[in-house]
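Q:
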Amino acid sequence: MAINSQLVSTEIGKDGIAIIRIRNPPVNALALSVIDGLKEQYEEAVERNDVKAIVLTGDDKFCGGLDINIIQKVQKNGDTSFLPDASVELVIDTIENGKKPSVAAIQGFALGGGLELAMGCSARIATSRAELGLPELKLGLIPGCGGTQRLPRLVGTSKAIEMLMSSKIITSEEGKELGIIDDVVASHEDLLTFSRLWALDIAEGRIARTHTLQRTDKIEPIHESSAILEVKRQQVLKTSPHYKACLDVIEEGIISGGYAGVLKEDKVFRELVLSKSAKALLHAYFAERATSKVPGITDCKLKHRKIEKVAVIGGGLMGSGIATALILSSIQVILKEINFDYLQKSVKSIEVNLHSLVKRGDLLEEKMKKAFSLLKGVVDYEEFTDVDMVMEVVNEEVLLKQSIFEEIENICHPHCIFASNTSTIDLNVIGARTKSQDRIVGTHLFSPAHVMPLLEIVQTENTSKQVILDVLKFAKIIQKVPIVVKNCTGFAVNRTFFPYMQGAEILANLGIDVYRIDRVITEFGMRIGPFQLFDLSGYSIFLAVVKEFAAAFPDRTFQCPLVQLMMANGRTGKKNGRGYYLYKKGKIPEPDLSVLQIVEESRRLASIMPGGEPISVMDQEIVEMLFFPVVNEACRVIEERVVVRASDLDVASVHGMKFPSERGGIMYWADSIGAEYIYARLKYWSKAYGSFFKPSQFLQERATKGIPLAEL
Numbered sequence: 010m011a012i013n014s015q016l017v018s019t020e021i022g023k024d025g026i027a028i029i030r031i032r033n034p035p036v037n038a039l040a041l042s043v044i045d046g047l048k049e050q051y052e053e054a055v056e057r058n059d060v061k062a063i064v065l066t067g068d069d070k071f072c073g074g075l076d077i078n079i080i081q082k083v084q085k086n087g088d089t090s091f092l093p094d095a096s097v098e099l100v101i102d103t104i105e106n107g108k109k110p111s112v113a114a115i116q117g118f119a120l121g122g123g124l125e126l127a128m129g130c131s132a133r134i135a136t137s138r139a140e141l142g143l144p145e146l147k148l149g150l151i152p153g154c155g156g157t158q159r160l161p162r163l164v165g166t167s168k169a170i171e172m173l174m175s176s177k178i179i180t181s182e183e184g185k186e187l188g189i190i191d192d193v194v195a196s197h198e199d200l201l202t203f204s205r206l207w208a209l210d211i212a213e214g215r216i217a218r219t220h221t222l223q224r225t226d227k228i229e230p231i232h233e234s235s236a237i238l239e240v241k242r243q244q245v246l247k248t249s250p251h252y253k254a255c256l257d258v259i260e261e262g263i264i265s266g267g268y269a270g271v272l273k274e275d276k277v278f279r280e281l282v283l284s285k286s287a288k289a290l291l292h293a294y295f296a297e298r299a300t301s302k303v304p305g306i307t308d309c310k311l312k313h314r315k316i317e318k319v320a321v322i323g324g325g326l327m328g329s330g331i332a333t334a335l336i337l338s339s340i341q342v343i344l345k346e347i348n349f350d351y352l353q354k355s356v357k358s359i360e361v362n363l364h365s366l367v368k369r370g371d372l373l374e375e376k377m378k379k380a381f382s383l384l385k386g387v388v389d390y391e392e393f394t395d396v397d398m399v400m401e402v403v404n405e406e407v408l409l410k411q412s413i414f415e416e417i418e419n420i421c422h423p424h425c426i427f428a429s430n431t432s433t434i435d436l437n438v439i440g441a442r443t444k445s446q447d448r449i450v451g452t453h454l455f456s457p458a459h460v461m462p463l464l465e466i467v468q469t470e471n472t473s474k475q476v477i478l479d480v481l482k483f484a485k486i487i488q489k490v491p492i493v494v495k496n497c498t499g500f501a502v503n504r505t506f507f508p509y510m511q512g513a514e515i516l517a518n519l520g521i522d523v524y525r526i527d528r529v530i531t532e533f534g535m536r537i538g539p540f541q542l543f544d545l546s547g548y549s550i551f552l553a554v555v556k557e558f559a560a561a562f563p564d565r566t567f568q569c570p571l572v573q574l575m576m577a578n579g580r581t582g583k584k585n586g587r588g589y590y591l592y593k594k595g596k597i598p599e600p601d602l603s604v605l606q607i608v609e610e611s612r613r614l615a616s617i618m619p620g621g622e623p624i625s626v627m628d629q630e631i632v633e634m635l636f637f638p639v640v641n642e643a644c645r646v647i648e649e650r651v652v653v654r655a656s657d658l659d660v661a662s663v664h665g666m667k668f669p670s671e672r673g674g675i676m677y678w679a680d681s682i683g684a685e686y687i688y689a690r691l692k693y694w695s696k697a698y699g700s701f702f703k704p705s706q707f708l709q710e711r712a713t714k715g716i717p718l719a720e721l
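So for the sequence shown, our numbering puts the first residue at 10; every next one is plus one.
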């Protein structure tokens, strides 16, 4: 017998098991109507005499959690009354403590509120490789339907904290080992069969019915749990407040009981929804989702072509990273180097990349072997005849890149995509000697390429729509976040953030201590400061970028002697272990105070300190003098339509430059401060310290009219 509503249905079998199914594609999100439907279907099922137990499942997927649009609506209106009361009414009263037991039948994934529903059931059966996790902290929130209470009771305090703090997604097999999942079945066909049997066994007393919220057997004793929580609190002190709030809620449940913990969780969740960090992180989430939609490309009638075999030319740090990313995504890779010695080193680098992922627990040994089998190293172009794409990843030398594209044009098939990983060189120049300019595209990844999530897709005026569509699909296959940008010096990311590095040099030459600058910037939320970034990225690369920018933007490029002086002193940064910091294997980089003499020489040569004396600034001014020029350049990038939308720069800043995500991205952060203030500060600095700080016309207009910078 079937009882149907639009989003939740019930089917009652002859065995007395009611199958309650969520039907809200594509991810079975918990919209308000779905939550109401679950309550109604449950209430009817438990009152029926022909129902012994319930199996909760979903169409195709189990459940992807609370509908994110509900959170967006609450933040827009500032009214938490729009939030559903699902934690007590649905999960505790209806599912966990209802008259009849429930078993969750999980396929695909159970994430966020979806996993919380499942943990409220008496048992959980899942298909192989189903994904489980509570990723709410990535959005500035905490679980809101009992996740902070039930997870520790299923896996223990320590493991629960690890999963929650990292928003880690695990497989159903891992879930079974930990105690979240009771049984894993091989197929979707087996899922309902086994779940029905489990439900019957519980209903008829052959398996004890459990109430997860009442369990204490997996939780470490209070004093041990409190010690674990305190250690973690110290680790998250400098992060967003929702991390500490989550730990406090976990502790409340351990000390005062699960129900008290649920009540505190609900209260804290509602407070966090309206917090600055939650609003910023939700903005970043929606901004990331928008990047795959490109007007004139993704809304036309073209269909993407397959990209299954890719040639990578150049196996250095970036090339080996790109090759690693591709084989991990089941793409066959032909890796070309100039000779066998270089090729052997490149292949070894890829092997090291894979082993490091296995060591960290991010990759299974079996998957590593399968990925490595997709790699083939070559020293000529014979294997290029049937590749779908060629990615050039050689040194930033124009003539070298031109010769490569000219040569492969005569070898590859006529639909092969020619991609360059250049970070600054004009693609029209790179492809000048070919007749295939419609197939040339920029695929700028960030190092290490197998870890960093951003892919900057650069289109020239000649790049075909088909190629851009294909590369967008390619980005999805290799699990990268794409932003489509126009061809210009530095493209979108490097052009926007070049002033960040230049600003650091200017501050150093104005008399500000380089290590203070790095400290202030890391306290702001960047992973490392600009001078440590100099060390990691390499001085010669930076000088090559300066050359390109000086030619394109001479009015706002600061020519500084500091990097040349560092190199003249025998320093190359992390590469030789000596830069602004000293690098020793297995140790945290330490400031090299002997560098201060080099900085003093740079100040003498640059001679920009007013009256020859160091300037005095507050920490906040350091942040502003580094990031306001970035905002200024971003305004020019927006005005010139280099990016599709302003929020693409937020995505680029978070994923490409590791701008703190809890600030929403560079443009979101700028609008939270206000164009008027940013314009006033830049105008003041431009008069005091030069044209590098001169406000753009776009910024001036927005400041004058009071229009947000990100509004197009």
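We put the beta carbon where it would ideally sit given N, CA and C, even for glycine.
If you compare alpha carbons, which of 667, 483, 641 is closest to residue 700?
A: If you number the sequence shown from 1, residue 700 lands on position 691. If we check each option's Cα against that of residue 700, 641 comes out closest.
Q: I'd like to confirm the pairing. Which residues does DSSP put opposite residue 590 in its beta bridges?
A: By one-based count along the sequence shown, residue 590 stands at place 581. The partner list for residue 590 (beta bridge, DSSP) reads 600.
Q: Hey, could you find the ends of the beta strand (DSSP E) residue 374 is sitting in?
A: Position 365 of the sequence shown holds residue 374. First-last for residue 374: 374 to 381, but that is the alpha helix (DSSP H), not the beta strand (DSSP E).
Q: Look up residue 291 in the DSSP assignment and say whether it is helix, strand or coil.
A: Along the sequence shown, read from residue 1 onward, the residue named residue 291 stands at position 282. Correct three-state label for residue 291: helix.
Q: Assign residue 588 to buried or exposed, taking buried as 16 or more other Cβ atoms, counted over all protein chains shown, within 10 Å of its Cβ.
A: By 1-based counting over the sequence shown, the position of residue 588 is 579. When all chains shown are included, residue 588 counts as buried.
Q: In the DSSP assignment, what residue or residues form a beta bridge with residue 745?
A: A question about residue 745 goes unanswered here, because the residues of the chain that appear run from 10 up to 721.
Q: By alpha-carbon positions, which one of 34, 636, 138, 276 ends up nearest to residue 529?
A: Taking the first residue of the sequence shown as 1, we reach residue 529 at position 520. Selected option, being the one with the closest Cα: 636.
Q: Between residue 151 and the rest of its own chain, which residues show a CB-CB distance below 7 Å, the 5 nearest in sequence each way excluded?
A: On the sequence shown, position 142 is the one that residue 151 refers to. For residue 151, where only same-chain residues beyond five positions count, the Cβ hits under 7 Å are 145, 157, 251, 254, 255, 258, 274, 277, 278, 281.
Q: Who are the near neighbours of residue 515 in its chain, counting only those whose CB is closer than 6 Å to its CB and skipping five residues on each side?
A: For this step, residue 515 is matched to residue 506 along the sequence shown. If we look at residue 515 and ignore the five residues flanking it on each side, its Cβ neighbours are 567.
Q: Exposed or buried, what is residue 650 when buried is set at 16 or more other beta-carbons lying within 10 Å of its beta-carbon?
A: The residue given as residue 650 occupies position 641 in the sequence shown. Looking at its Cβ environment, which holds fewer than 16 other Cβ atoms inside 10 Å, residue 650 is exposed.
Q: If you drop the 5 nearest sequence neighbours on each side, which residues of the same chain put their C-beta closer than 6 Å to that of residue 185?
A: Locating residue 185 in the sequence shown gives position 176, counting from the first residue. Taken in chain order, the residues that qualify are 193.
Q: What are the start and end residues of the alpha helix (DSSP H) that includes residue 618?
A: Mapped onto the sequence shown, residue 618 falls at position 609. Neither: residue 618 is in no alpha helix (DSSP H) and is coded neither H nor E.
Q: With distances taken Cα to Cα, identify the nearest neighbour of residue 234 among 570, 64, 170.
A: Sequence index remark: in the sequence shown, residue 234 carries index 225 (1-based). When each option's Cα is compared against that of residue 234, the closest is 170.
Q: Which residues does DSSP pair with residue 507 in a beta bridge?
A: The sequence position of residue 507 within the sequence shown is 498, counting from 1. Partner(s): none; residue 507 has no beta bridge.
Q: Could you work out which residue in 36, 62, 35, 116 is closest to residue 134 when comparing CA atoms only?
A: By one-based count along the sequence shown, residue 134 stands at place 125. Nearest of 36, 62, 35, 116 to residue 134, Cα basis: 116.
Q: Given residue 639, which residues of its chain have a CB within under 7 Å of its CB, disregarding the five upstream and five downstream residues?
A: Locating residue 639 in the sequence shown gives position 630, counting from the first residue. These residues qualify, in order along the chain: 505, 506, 508, 509, 675.
Q: Which word fits residue 693, buried or exposed, when buried means at least 16 other C-beta atoms lie within 10 angstroms of its C-beta?
A: Taking the sequence shown and counting its residues from 1, the one referred to as residue 693 is at position 684. Residue 693 comes out exposed.
Q: Give the range of the beta strand (DSSP E) segment to which residue 36 is assigned.
A: The sequence position of residue 36 within the sequence shown is 27, counting from 1. Per DSSP, residue 36 belongs to no beta strand (DSSP E) and is neither H nor E.
Q: Taking 6 Å as the limit between beta carbons, can you name the residues of its chain near residue 664, skipping five residues before and five after?
A: Position 655 of the sequence shown, counted from the start, is the residue given in the question as residue 664. Around residue 664: 462, 463, 490.
Q: Measuring only the C-alpha atoms, how far is residue 230 from residue 167?
A: Residue numbering aside, residue 230 sits at position 221 when the sequence shown is read from its first letter. Residue numbering aside, residue 167 sits at position 158 when the sequence shown is read from its first letter. The alpha-carbon atoms of residue 230 and residue 167 are separated by roughly 12 Å.
Q: If you pair each beta-carbon of the segment 283 to 298 with each one of the segment 82 to 93, do three or more pairs fall below 8 Å?
A: The segment 283 to 298 is in contact with the segment 82 to 93.
Q: Roughly how many angstroms lie between the CA atoms of residue 594 and residue 341, to the nearest whole one?
A: Counting from one through the sequence shown, the residue named residue 594 turns up at place 585. Counting from one through the sequence shown, the residue named residue 341 turns up at place 332. Cα to Cα, the separation comes out at about 33 Å.
Q: Between which two residues does the beta strand (DSSP E) holding residue 492 run?
A: Walking along the sequence shown from the start, residue 492 turns up at place 483. 490 to 495 is the extent of the beta strand (DSSP E) around residue 492.
Q: Comparing alpha-carbon positions, which option in 147, 93, 291 lies nearest residue 84?
A: What you label residue 84 is simply residue 75 of the sequence shown in a count that begins at 1. The option with the nearest alpha carbon to residue 84 is 291.
Q: For the candidate residues 707, 243, 114, 348, whose alpha-carbon lies nearest to that of residue 132?
A: In the sequence shown, the residue the question calls residue 132 occupies position 123. It is 114 whose Cα lies nearest to the Cα of residue 132.
Q: Within 10 angstroms of its Cβ, does residue 38 collect 16 or more other Cβ (buried), or is it exposed?
A: Residue numbering aside, residue 38 sits at position 29 when the sequence shown is read from its first letter. It counts as buried.
Q: What's the C-alpha gap between residue 313 and residue 472?
A: For the purposes of this step, residue 313 is taken as residue 304 along the sequence shown, with counting starting at 1. For the purposes of this step, residue 472 is taken as residue 463 along the sequence shown, with counting starting at 1. Looking at the two C-alpha atoms, the distance is approximately 15 Å.
Q: Going straight from the alpha carbon of residue 438 to that of residue 407, what length do you get?
A: The residue given as residue 438 occupies position 429 in the sequence shown. The residue given as residue 407 occupies position 398 in the sequence shown. Between residue 438 and residue 407, the C-alpha separation is close to 7 Å.
Q: Taking the alpha-carbon positions, what's the residue 383 to residue 336 distance?
A: The sequence position of residue 383 within the sequence shown is 374, counting from 1. The sequence position of residue 336 within the sequence shown is 327, counting from 1. Going from the Cα of residue 383 to the Cα of residue 336 covers about 6 Å.
Q: Where residue 352 and residue 267 are concerned, what is the direct C-alpha to C-alpha distance, given to the nearest angstrom?
A: Here residue 352 refers to the residue found at position 343 when the sequence shown is read from its first residue. Here residue 267 refers to the residue found at position 258 when the sequence shown is read from its first residue. Spanning the two alpha carbons is a distance of roughly 58 Å.
Q: Going by C-alpha distance, which of 62, 51, 706, 33 is nearest residue 24?
A: Counting from 1 along the sequence shown, the entry for residue 24 is found at position 15. Nearest C-alpha to residue 24: 62.
Q: Could you have a look at residue 555 and say whether DSSP puts it in helix, strand or coil?
A: Taking the first residue of the sequence shown as 1, we reach residue 555 at position 546. DSSP places residue 555 in helix when its eight states are reduced to three.
Q: Report the three-state DSSP secondary structure of residue 162 (helix, strand or coil).
A: Residue mapping note: residue 162 aligns to position 153 of the sequence shown, counting from 1. Residue 162: helix per DSSP, three-state reduction.
Q: Please identify the residue among 178, 179, 46, 198 whose C-alpha is closest to the C-alpha of residue 17.
A: Within the sequence shown, residue 17 is the residue found at index 8, counting from 1. Nearest option by C-alpha distance: 46.
Q: What's the gap between the Cα of residue 484 and the Cα of residue 666?
A: Position 475 of the sequence shown, counted from the start, is the residue given in the question as residue 484. Position 657 of the sequence shown, counted from the start, is the residue given in the question as residue 666. The straight-line gap from Cα to Cα measures roughly 18 Å.
Q: What span of residues does the beta strand (DSSP E) with residue 427 cover, start to end?
A: Indexing the sequence shown from 1 puts residue 427 at position 418. Start and end: 426 to 429.
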